[in-house]
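Just below is one structure, and these are the notes that go with it.
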Amino acid sequence: MNLAKISANGQITVPVEIRRLLGAKTGDKLLFFQKQDGEIVVRNASAKAIRKAQAAFAGAAETMGVYSEDDVQALVDELRYGENR
Numbered sequence: 028m029n030l031a032k033i034s035a036n037g038q039i040t041v042p043v044e045i046r047r048l049l050g051a052k053t054g055d056k057l058l059f060f061q062k063q064d065g066e067i068v069v070r071n072a073s074a075k076a077i078r079k080a081q082a083a084f085a086g087a088a089e090t091m092g093v094y095s096e097d098d099v100q101a102l103v104d105e106l107r108y109g110e111n112r
């Protein structure tokens with residue numbers, strides 16, 4: 028169990044053990060939501076966004092023929108400079 032105190036400004040310091048469990052780093056945003064049973068859940072919003080993006084792009088690399096870092100760089104170069112560099 029961990030305890031956090033709310034400051035006069037409504038701020039809290041998230042205990043280090045909880046930050047580790049959430050995978051939260053400086054600058055990350057935490058998502059608080061209430062379940063139907065009233066329980067408050069805290070999630071690392073940054074990690075959730077990354078998982079959502081990964082799911083949305085699943086299979087896209089293979090569809091585009093991107094299999095390596097060199098393929099990614101070639102795609103970036105093509106977008107940046109056009110087909111004829």
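Under my numbering, the first residue of the sequence shown is numbered 28, with each subsequent residue one higher. Don't be surprised by glycine CBs; every beta carbon is placed ideally from N, CA and C.
Fewer than three Cβ pairs drawn from the stretch 83-98 and the stretch 53-72 lie within less than 8 Å of each other, which leaves the two stretches out of contact.
Just so you know, the alpha carbons of ASP104 and GLY37 end up roughly 47 Å apart.
Contact between the stretch 73-82 and the stretch 36-56 is established, with three or more Cβ pairs separated by less than 8 Å.
Cβ-Cβ separation between VAL41 and ALA31: approximately 6 Å, consistent with a contact (criterion under 8 Å).
Between LEU106 and VAL93 the beta-carbon gap is near 12 Å, outside 8 Å, which marks them as no contact. Taking C-alpha positions only, PHE60 is separated from ILE67 by approximately 6 Å.
Short of 8 Å from the beta carbon of ILE33, and not among the five residues preceding or following it, lie these beta carbons of its own chain, in chain order: ILE39.
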